[in-house]
Amino acid sequence: MPGIPDDESTLITRAKRGSVDAFNTLVLRYQDAAFTVAYRLMGDSAGAADTAQDAMIVAYRKLSTFRGGNFRAWLLRIVTNRCYDELRRTQRRPTVSLSGSADEDAPEPLELPDPDGTPEEQALSNELQRAIQDCINALNVDQRLVLVLCDVEGMSYEEIAEQSGNQLGTVKSRLSRARASVRDCLQAVRELLPSQFRLREES
Amino acid sequence: MGMDDRELELLSAYLDGALDESERQALEARLAHDAPLQRELDLLRETKQLIGALPTLRAPRNLTITQRTQQRRQQPLVLSPWISSLSAVAAAFMLIAGFVLLNRAPAPQSFEGTVAQTAVGMNVTPETALRAAPSVAVAPSATQAILQAEESGSAESAQASAPEASADEAMANNDQAAGAAAPMPTLLPAPSAELPYDLIAPAAPDSEDGSGEVDQGQEREMMQSVVPSEAPGASAALGAIAATASAATPPVAQQQSDAFVAPTATALATLPPTASPAPSPTLTSTAVPAEVPTLAPVAAHETGNDSGGIVLLIAGALLLLVALVTTVLRRRRIA
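In the order they appear, the protein sequences are chains A and B.
With numbering that gives the first Met the number 0, letter number 119 in the first sequence gets 118, and the count goes up by one each step, no holes.
With numbering that gives the first Met the number 0, letter number 290 in the second sequence gets 289, and the count goes up by one each step, no holes.
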């Protein structure tokens, strides 16, 4: 995790006292991360933006419960919880089919230029990104949550267990099954995969 | 991929460095001479890397909040679907009861006894209705208790001859209001009774966040939980009161009016978030306690019925307005 910028605690303090401006400065700083995790979980741009926005409002209201530490992690945790709830809710009352990509007409979210990107790190093609996201969308909600928290957010098993309120063993098995499902799912778009991935599968 | 779940878990945990030392060594020893296992591991590793390589995305719009959006979140209590549904239910009930009262006013003398007794349940209603009306939010328990108490009133008039009067659903209760209208208390269900029941049903089980509590704890916001969580307990208590009211015969009047006033108490109590779950059934009741024991002459009721009916109609109309306005506002807010 990057070090907390000096002014962050000042902003938090001001936001806690009710400054919407200070809070919004923080929002602007983390909104891309928040949207990304929401999008990875929900697989649909509009829904992800709405839910992330909702989460910001919740975060503002719950700011008094922030006891220091990593503000970004705290904020993203609210976002993921919010998304999880939303997914559970729509799963019970499905309005759109959960399988398949959400809306073909929806504009693909834009990628941020990666400041740390090295030339060797081959950026994933848009098609492959889409394919991976579709594979994630095909997972059930619980597996999706664990997968995103671990492989997108880079959280440890313990952190995931704590956040999701599950046993460590549950986290482990969900994660392994999620990864296996995505692995299998990606074989359907083998031609998009980096060559070494393909070769090993064919060998 | 002929791997069992345990092996898969092992490989997956190995990737994350989550195996303890002995497990790790054992697995590495196997991997050294188990090519298929090694290939599985590679595929899983690459899957993990692919997911990890997904880029950070640009939020399609700013997620900043405004003073307004921030406050909008605090309104749901007033604009919650509960309020609309319950207002609608209460309005329907009051309108029906109001019409019943007005039409019943010139009651035939020959049925005096029956009518007067039937009237017990009805006459109390306007009083309570009046009380409930100003406090816009009619709590679920309130409506239910009104309906239940209503039932006990009619049940009493039918007495032993109609034990089935103690039907346990709100559906059955409302038509007894209609039943009470007729000189002879018939307990046949009327089709109109389904309306309030239908309105109650969808609102009752879980408003929005119900599922949220699933298995995750602290960070969930508890905004909406206040009203729903209280309601069952409260209505159960009121149900019990109503039940005792119908069980005892002579002092029914006092108990019934208690049962009638109590719902108002909950209606008011449920509104603020800090409401205590248990309604106090011992509110001062000014609701026509004197009428029951002496099968009061019908004449005494008539004026009361008229004004009571009108009051009910007005209150019902107001509640209907509340239901409409809250519904429209909510729609707007969502849109």
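No residue lacks a Cβ here, since even glycine has one placed at the ideal position from N, Cα and C.
Fair warning: this is a prediction, and the values are worked out from it, not measured in the lab.
L111(A) beta carbon less than 7 angstroms from that of D31(A): As a first step, residue 31(A) must be located in the first sequence, where it is residue number 32. As a first step, residue 111(A) must be located in the first sequence, where it is residue number 112. Taking C-beta atoms as the reference points, D31(A) and L111(A) count as a pair closer than 7 angstroms.
Integer-rounded CB distance, given that L319(B) should sit under 8 angstroms from A87(B): Within the second sequence, the letter at position 88 stands for residue 87(B). Within the second sequence, the letter at position 320 stands for residue 319(B). The pair is a contact, with the Cβ atoms about 7 angstroms apart (cut-off 8 angstroms).
Exposed unless 16 or more other CB atoms sit within 10 angstroms - verdict on A157(B): For the purposes of this step, residue 157(B) is taken as residue 158 along the second sequence, with counting starting at 1. Its pLDDT being 40, under 50, A157(B) is placed unreliably by the model, and nothing is read from it.
Where the alpha helix (DSSP H) through C134(A) begins and ends: Locating residue 134(A) in the first sequence gives position 135, counting from the first residue. For C134(A), the enclosing alpha helix (DSSP H) has its first and last residue at 125-136.
Contact set for V50(A): own chain, Cβ-Cβ below 7 angstroms, skip 5 residues either direction: Counting from one through the first sequence, the residue named residue 50(A) turns up at place 51. As written in the sequence, residue 50(A) is Thr, which differs from the Val given in the question. Within the same chain, Cβ atoms closer than 7 angstroms to the Cβ of T50(A) are found at A37, M41, R81, C82, E85, the five residues on either side in sequence being excluded.
Nearest-angstrom Cα separation, counted from W81(B) out to I95(B): Taking the second sequence and counting its residues from 1, one reaches residue 95(B) at position 96. Taking the second sequence and counting its residues from 1, one reaches residue 81(B) at position 82. Rounded to the nearest whole angstrom, the C-alpha separation of I95(B) and W81(B) is 21 angstroms.
Rounded distance between the beta-carbons of A12(B) and K171(A), thought under 8 angstroms: By 1-based counting over the first sequence, the position of residue 171(A) is 172. By 1-based counting over the second sequence, the position of residue 12(B) is 13. Confirmed, Cβ separation roughly 6 angstroms.
Coarse secondary structure for E107(A), derived from DSSP in three states: On the first sequence, position 108 is the one that residue 107(A) refers to. In the structure shown, E107(A) falls within a coil segment according to DSSP collapsed to helix, strand and coil.
Distance between I56(A) and T65(B) (C-alpha atoms, nearest Å): By 1-based counting over the second sequence, the position of residue 65(B) is 66. By 1-based counting over the first sequence, the position of residue 56(A) is 57. Between T65(B) and I56(A), the C-alpha separation is close to 9 angstroms.
Euclidean distance between Cα positions of E152(A) and A187(A): As a working mapping, residue 152(A) is identified with position 153 in the first sequence. As a working mapping, residue 187(A) is identified with position 188 in the first sequence. Their backbone Cα atoms lie some 26 angstroms apart in a straight line.
Below-7 angstroms beta-carbon distance, Q30(A) vs any chain B residue: To locate residue 30(A), count along the first sequence from 1; it is residue 31. Q30(A) counts as touching chain B.
Per-residue DSSP class, three states only, for L192(A): To locate residue 192(A), count along the first sequence from 1; it is residue 193. Residue state for L192(A) is assigned as coil, using DSSP reduced to three classes.
Endpoints, the alpha helix (DSSP H) within which A34(B) is located: One-based indexing of the second sequence puts residue 34(B) at position 35. It spans 34-51 - the alpha helix (DSSP H) in which A34(B) sits, taken as one unbroken run.
Three-way DSSP call (helix, strand, coil) for L56(B) in this model: Here the question's residue 56(B) lines up with position 57 in the second sequence. The DSSP-derived three-state label of L56(B) is strand.
CA-to-CA distance, A31(B) to Q90(A), given in whole angstroms: Here residue 90(A) is taken as the residue at index 91 of the first sequence, counted from 1. Here residue 31(B) is taken as the residue at index 32 of the second sequence, counted from 1. As the crow flies, the alpha-carbon of Q90(A) is around 44 angstroms from that of A31(B).
Any C-beta of chain B under 7 angstroms from that of K171(A): The sequence position of residue 171(A) within the first sequence is 172, counting from 1. So, interface residue.
Distance CB(L7(B))-CB(A179(A)) smaller than 7 angstroms: Locating residue 7(B) in the second sequence gives position 8, where the first residue counts as 1. Locating residue 179(A) in the first sequence gives position 180, where the first residue counts as 1. It is a contact, given that the beta carbons lie within the stated cut-off.
Close Cβ partners of K15(A) (< 8 angstroms) along its chain, the five nearest in sequence each way excluded: Locating residue 15(A) in the first sequence gives position 16, counting from the first residue. Counting only Cβ-Cβ distances below 8 angstroms, and skipping sequence neighbours, we find L62, S63, F65.
DSSP three-state assignment for S63(A), whether helix, strand or coil: Here residue 63(A) corresponds to residue number 64 of the first sequence, with the count starting at 1. Three-state result, S63(A): helix.
Supposed contact pair L185(A) and I131(A) - C-beta distance, whole angstroms, cut 8 angstroms: In the first sequence, counting from the first residue as 1, residue 131(A) sits at position 132. In the first sequence, counting from the first residue as 1, residue 185(A) sits at position 186. Indeed, because the Cβ distance is near 7 angstroms, the residues count as touching under 8 angstroms.
For L18(B), three-class secondary structure by DSSP: Here residue 18(B) refers to the residue found at position 19 of the second sequence. DSSP places L18(B) in the coil class of the three-state scheme, outside both helix and strand.
Inter-residue Cα distance where the pair is L192(A) and L127(A): What you label residue 192(A) is simply residue 193 of the first sequence in a count that begins at 1. What you label residue 127(A) is simply residue 128 of the first sequence in a count that begins at 1. Roughly 7 angstroms between the two C-alpha positions.
Coarse secondary structure for T63(B), derived from DSSP in three states: By 1-based counting over the second sequence, the position of residue 63(B) is 64. Note: T63(B) maps to coil in three-state DSSP.
First through last residue of the alpha helix (DSSP H) which encompasses M93(B): For this step, residue 93(B) is matched to residue 94 along the second sequence. Its alpha helix (DSSP H) spans residues 80-103.
Element boundaries [alpha helix (DSSP H), containing L146(A)]: Position 147 of the first sequence holds residue 146(A). That run of the alpha helix (DSSP H) goes 140-146.
Cβ-Cβ distance between P84(B) and T325(B) below 7 angstroms: Position 85 of the second sequence, counting from 1, holds the residue named residue 84(B). Position 326 of the second sequence, counting from 1, holds the residue named residue 325(B). The question names Pro, but residue 84(B) is Ser in the sequence shown. No, Cβ-Cβ distance for S84(B) and T325(B) is not below 7 angstroms.
Chain A contact for R57(B) (CB, 7 angstroms cutoff): Working through the second sequence from its first residue, we reach residue 57(B) at position 58. The Cβ of R57(B) sits closer than 7 angstroms to at least one Cβ of chain A.
Cross-chain neighbours of A52(B) in chain A, by beta carbon under 7 angstroms: Position 53 of the second sequence holds residue 52(B). Neighbourhood of A52(B) in chain A, by CB distance below 7 angstroms: L123, in chain order.
Contacts around R44(B), its chain only, beta-carbon distance under 8 angstroms, and the 5 residues preceding and following it disregarded: Numbered from its first residue, the second sequence carries residue 44(B) at position 45. For R44(B), same chain residues with a beta-carbon under 8 angstroms away, outside a window of 5 residues either side, are L14 in chain order.
Coarse secondary structure for M154(A), derived from DSSP in three states: On the first sequence, position 155 is the one that residue 154(A) refers to. In the structure shown, the three-state DSSP call for M154(A) is coil.
L148(A) to L62(B) span [Cα, whole Å]: Numbered from its first residue, the first sequence carries residue 148(A) at position 149. Numbered from its first residue, the second sequence carries residue 62(B) at position 63. If you take the alpha carbons of L148(A) and L62(B), they lie about 21 angstroms apart.
First through last residue of the alpha helix (DSSP H) which encompasses C184(A): Your numbering for residue 184(A) matches position 185 in the first sequence. Note, C184(A): alpha helix (DSSP H), 167-185.
Boundaries of the alpha helix (DSSP H) in which A37(A) is found, first to last residue: The residue given as residue 37(A) occupies position 38 in the first sequence. A37(A) -> alpha helix (DSSP H) spans 19-41.
Chain-ordered neighbours of S18(A) on chain B, where CB pairs are closer than 9 angstroms: On the first sequence, position 19 is the one that residue 18(A) refers to. Simply none; closest approach about 11 angstroms.
Distance, F70(A) Cα to L49(B) Cα: By one-based count along the second sequence, residue 49(B) stands at place 50. By one-based count along the first sequence, residue 70(A) stands at place 71. Distance between the alpha carbons of L49(B) and F70(A): 27 angstroms.
Per-residue contacts from Q66(B) into chain A (C-beta, under 7 angstroms): Walking along the second sequence from the start, residue 66(B) turns up at place 67. Chain-order list of chain A residues neighbouring Q66(B): V19, by C-beta distance under 7 angstroms.
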